[in-house]
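Under our numbering, the first residue of the sequence shown carries the number 9, and numbering increases by one thereafter. One structure is given below, encoded as structure tokens.
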Amino acid sequence: MKIIRACIYPKDIQCITGRTERYGRKLLNEIKVHFGKESHQFITSEEFAEYSGINIDIVNDYLQKVS
């Protein structure tokens with residue numbers, strides 16, 4: 009059984025959305041502000057899915073393929 013990563017990185021956002029990696033970094037910072045996280049904290053796949061409106065199954069399928 010493969011372990012699915014829990015954290016989302018800018019490269020993941022780039023692959024899922026088709027946008028640039030710079031957009032991924034910007035979006036991660038917006039999500040951190042939205043959820044009241046500090047700059048050193050990570051964003052989980054659930055938080056990304058909730059904020060972006062992308063189905064959690066799509067995010068988890070992607071993470072499973074790249075892990």
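C-beta: ideal position from N, C-alpha, C; glycine also.
Does the Cβ of residue i have 16 or more other Cβ atoms within 10 Å, making it buried, or fewer, making it exposed?
i	result
residue 43	exposed
residue 67	buried
residue 53	buried
residue 11	exposed
residue 56	buried
residue 26	exposed
residue 64	exposed
Measuring CA to CA, which of the options is closest to residue i?
i	options	result
residue 40	15, 74, 73	15
residue 69	60, 24, 48	24
Provide the residue(s) that pair with residue i in DSSP beta bridges, ordered along the chain.
i	result
residue 15	52
Taking 8 Å as the CB-CB limit, is residue i close to chain C?
i	result
residue 57	Judged by its chain identifiers, the structure shown contains no chain C, having just a single protein chain.
- Query: Residue ranges of each alpha helix (DSSP H) run of no fewer than 4 residues wholly in the segment 35–67, ordered along the chain?
  - Reply: 53–60
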